[in-house]
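Novice: For the sequence shown, UniProt numbering begins at 1 and goes up steadily by one. Glycine included, every Cβ here is placed at the ideal spot set by N, Cα and C.
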Amino acid sequence: MSCMKRLAFLFSCSALFVGATDFGNVHTVYLLKMARGLDQYLAHRITDEHLFQIVTDPKQADAVFTDQIGEGFEARLEEISPTPEPKKPAPKPKPKTDEQEATPLLGDTVNTLSNPASFSGFGRARGTVFLVDAKSRRVIWSAFEPSRDASPHEMDRTAREIVHRFQSDLKKK
1 MSCMKRLAFL FSCSALFVGA TDFGNVHTVY LLKMARGLDQ YLAHRITDEH
51 LFQIVTDPKQ ADAVFTDQIG EGFEARLEEI SPTPEPKKPA PKPKPKTDEQ
101 EATPLLGDTV NTLSNPASFS GFGRARGTVF LVDAKSRRVI WSAFEPSRDA
151 SPHEMDRTAR EIVHRFQSDL KKK
């Protein structure tokens, strides 16, 4: 029985360390466009409280604030900072043939544009904000603070509450 109690204590202590988030390495953040212009209000509140330095170049950011995660966010993050590809061995030279390959006159006719639906705001969960580590691409913090309407006063209130919640979570760590 004593062994079970020790084991349970050990697991509960390890769960505390797993759940702990290290915000110490986040100094600069980039805000992706959010529903109802919340990104603008968050940028104001974050700089007003001196939480982070807001950067306009996503490549300089330690973390990214967004109001959606999923395929669209992953594609946008891949555009911002592509994951390094493993080095490939040099391709083998092709044997030369007398026949030349047929090439189309106009080039590739396949639509190479990204899927516009993946960047739409239709699938967003209104009121949820995520802070995602730019390198590891893990969600390191999130909050749910829905706004009642899209008025500037209400959006500022929502941004203020999100920042205050982040500050209180930061003090707990």
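What's the gap between the Cα of M4 and the Cα of K172?
Specialist: Counted from its first residue, the sequence shown places residue 4 at position 4. Counted from its first residue, the sequence shown places residue 172 at position 172. In this predicted model, M4 has a pLDDT of only 47, less than 50, meaning its place in the structure is not dependable enough to derive any value.
Novice: Grab me the residues of D156's own chain with a C-beta within less than 8 Å of its C-beta, minus the 5 sequence neighbours each way, in chain order.
Specialist: Here the question's residue 156 lines up with position 156 in the sequence shown. Cβ neighbours of D156 beyond the five flanking positions: Y41, H44 and R45.
Novice: Going straight from the alpha carbon of T58 to that of L31, what length do you get?
Specialist: Translated into positions along the sequence shown, residue 58 becomes position 58. Translated into positions along the sequence shown, residue 31 becomes position 31. Checking the sequence, you will find Pro at residue 58 rather than Thr. Rounded to whole angstroms, P58 to L31 spans 8 Å at the Cα level.
Novice: Quick check on this structure: which residue in L170, N25 and G37 has the alpha carbon closest to the alpha carbon of T66?
Specialist: Against the sequence shown, residue 66 aligns to sequence position 66. The shortest Cα separation from T66 among L170, N25 and G37 belongs to G37.
Novice: Taking DSSP as the reference, what is the three-state secondary structure of L10?
Specialist: On the sequence shown, position 10 is the one that residue 10 refers to. In this predicted model, L10 has a pLDDT of only 41, less than 50, meaning its place in the structure is not dependable; the value taken from the coordinates is given anyway. In this structure, L10 counts as helix in the three-state DSSP scheme.
Novice: Tell me the DSSP secondary structure of I32 in three-state form.
Specialist: For this step, residue 32 is matched to residue 32 along the sequence shown. The displayed chain sequence assigns Leu, not Ile, to residue 32. It is coil, neither helix nor strand.
Novice: Once the 5 residues before and after F144 are set aside, which same chain residues still bring their CB inside 7 Å of it?
Specialist: Here the question's residue 144 lines up with position 144 in the sequence shown. Around F144: G127 and T128.
Novice: Exposed or buried, which one is T47 when buried takes at least 16 other CB atoms within 10 Å?
Specialist: Translated into positions along the sequence shown, residue 47 becomes position 47. Exposed is the call here.
Novice: Take F52 and list the residues in its own chain whose beta-carbon comes closer than 6 Å to its own, dropping the five residues that flank it on each side.
Specialist: Walking along the sequence shown from the start, residue 52 turns up at place 52. Cβ within range, chain order: V29 and I46.
Novice: Scan the region 52–89 and note each continuous alpha helix (DSSP H) run of 4 residues or more that stays entirely inside, going in chain order.
Specialist: The DSSP assignment places 71–80 as complete runs of the alpha helix (DSSP H) inside the region 52–89, in order along the chain (cut-off: 4 residues).
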